[in-house]
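The structure under discussion appears below in the form of structure tokens.
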Amino acid sequence: MAMTVFMLAAALGMGAVGGLPLGDPDKSHQAETVVAIDVLLHPDATMLAAAAAANLSLRQDYPAGFALDTLHTPHVSMIQRFVRRTDLEKLKKSLEKVFAAHDVTKLKLRAVGYYSLPVGELGLAGIVVEPTAELRELQAQIIAAVEPFAVKGTDAAFVPSPDGSVTAPSIVEYVNTYVPQRSGKNFNPHVTVGLGNTPFVKQMIAAPFATFDFKVKGASLFHLGNYGTAAVELWPKSPSELEKSKK
């Protein structure tokens, strides 16, 4: 089955990492280059439609907010961490083993409401996904694969924003502390849908929410942009590729 969600496969080895392109031949910089990464799940069309509708409402309230596009790919984060650039290939191999054992396309998930993360005077809103036992177990396996490579990072590890804005300190801290603050019993799976003024975002959260079910179309490793957005795909795994890796 063609994977329409993996639109950035051509960007492999070409995204900016800590201000340097992934393919930079200058070996003197590579050992110190750190990348902000996200191991994530791609939701199906049902969730994408809900995320797009919420994003439109948020941008009507706060026009300066970001749209959901190729630099802001809707997704369910399983872990966000900082890793060294030189460890990316080893990390990919570890992830291949995890996803060879877990067919993510069989996951059945449910959206249950909205939540927000304060970013200055704004709210970064997301659609909350019910954390099932299966999803928690998958996260635990992903954490085990990623943590041997985890290091501390700064705003230099994110994909630079097109407008030149600096990555918010709260986002840097979010990634640095993802394990343990947002893992295990604290796991809060969600799909980030945009930025809004805090009063408007609070209204979204307080309003009745029509729960809905959705599925997963695949998994990826992404280089993070500002606000924890999935900006550049580093390692795509379609269901067909996952099946091949089992053989």
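The sequence shown begins at 978 in our numbering and counts up one residue at a time.
Note that beta-carbon positions come from the ideal geometry of N, C-alpha and C, so glycine has one too.
Does the beta-carbon of residue i have 16 or more other beta-carbons within 10 angstroms, so that it is buried, or is it exposed?
i, result
"Q1158", "exposed"
"R1058", "buried"
"Q1037", "exposed"
"K1085", "exposed"
"A1044", "exposed"
"N1163", "exposed"
"K1004", "Bear in mind that the predicted position of K1004 carries a pLDDT of just 33, short of 50, making it unreliable; the figure below should be weighed with that in mind. K1004 should be labelled exposed."
"A1127", "buried"
"L1068", "buried"
"L1208", "Per the sequence shown, the amino acid found at residue 1208 is Ala instead of Leu. A1208 is buried by the Cβ-count criterion."
"S1093", "buried"
Nearest CA to the CA of residue i: which residue from the options?
i, options, result
"G1146", "P1051, V1016, A1134", "The sequence given here places Pro at residue 1146; Gly does not occur at that position. When only C-alpha atoms are compared, the closest one is A1134."
"A1122", "D1132, F1164, E1066, D1046", "E1066"
"A1028", "L1068, Y1039, V1105", "V1105"
"A1187", "I1014, Y1155, A1031, D1015", "A1031"
"I1182", "L1033, Y1091, T1063, L1084", "Y1091"
"V1096", "G1205, E1111, K1192", "G1205"
"K1083", "E1210, F1191, L1198", "F1191"
"I1148", "G1103, G1161, D1132", "D1132"
"G1161", "A1127, D1021, I1120", "I1120"
"H1167", "L1068, L1115, E1073, R1087", "R1087"
"L1017", "G1195, G1042, T1175", "G1195"
"P1213", "A1013, F1076, V1011, V1170", "F1076"
"H1019", "T1050, F1189, G1042", "T1050"
"L1211", "N1163, A1041, K1070, L1115", "K1070"
"E1111", "S1138, N1174, D1080", "D1080"
"N1153", "E1124, V1136, Q1116", "E1124"
"S1023", "G1202, H1200, P1108, F1189", "With the sequence shown as reference, residue 1023 is identified as Thr, and Ser is not the correct amino acid for it. Ranking the options by Cα distance to T1023, first place goes to F1189."
"D1064", "V1178, S1138, V1012", "V1012"
How far does the alpha helix (DSSP H) with residue i in it reach, from first residue to last?
i, result
"R1036", "1022-1038"
"V1263", "No information on residue 1263 is available, as it lies outside the stretch 978 to 1224 that the chain covers here."
"L1112", "1110-1123"
Does residue i come out as helix, strand or coil in the three-state DSSP assignment?
i, result
"T1082", "helix"
"E1210", "strand"
"P1095", "strand"
"D1132", "helix"
"L1017", "strand"
"L1045", "coil"
"A1184", "coil"
"G1090", "strand"
"V1105", "strand"
"V1011", "strand"
"G1141", "coil"
By the DSSP assignment, the beta strand (DSSP E) with residue i in it spans what residues?
i, result
"F1199", "1189-1201"
"V1170", "1167-1174"
"V1060", "1053-1061"
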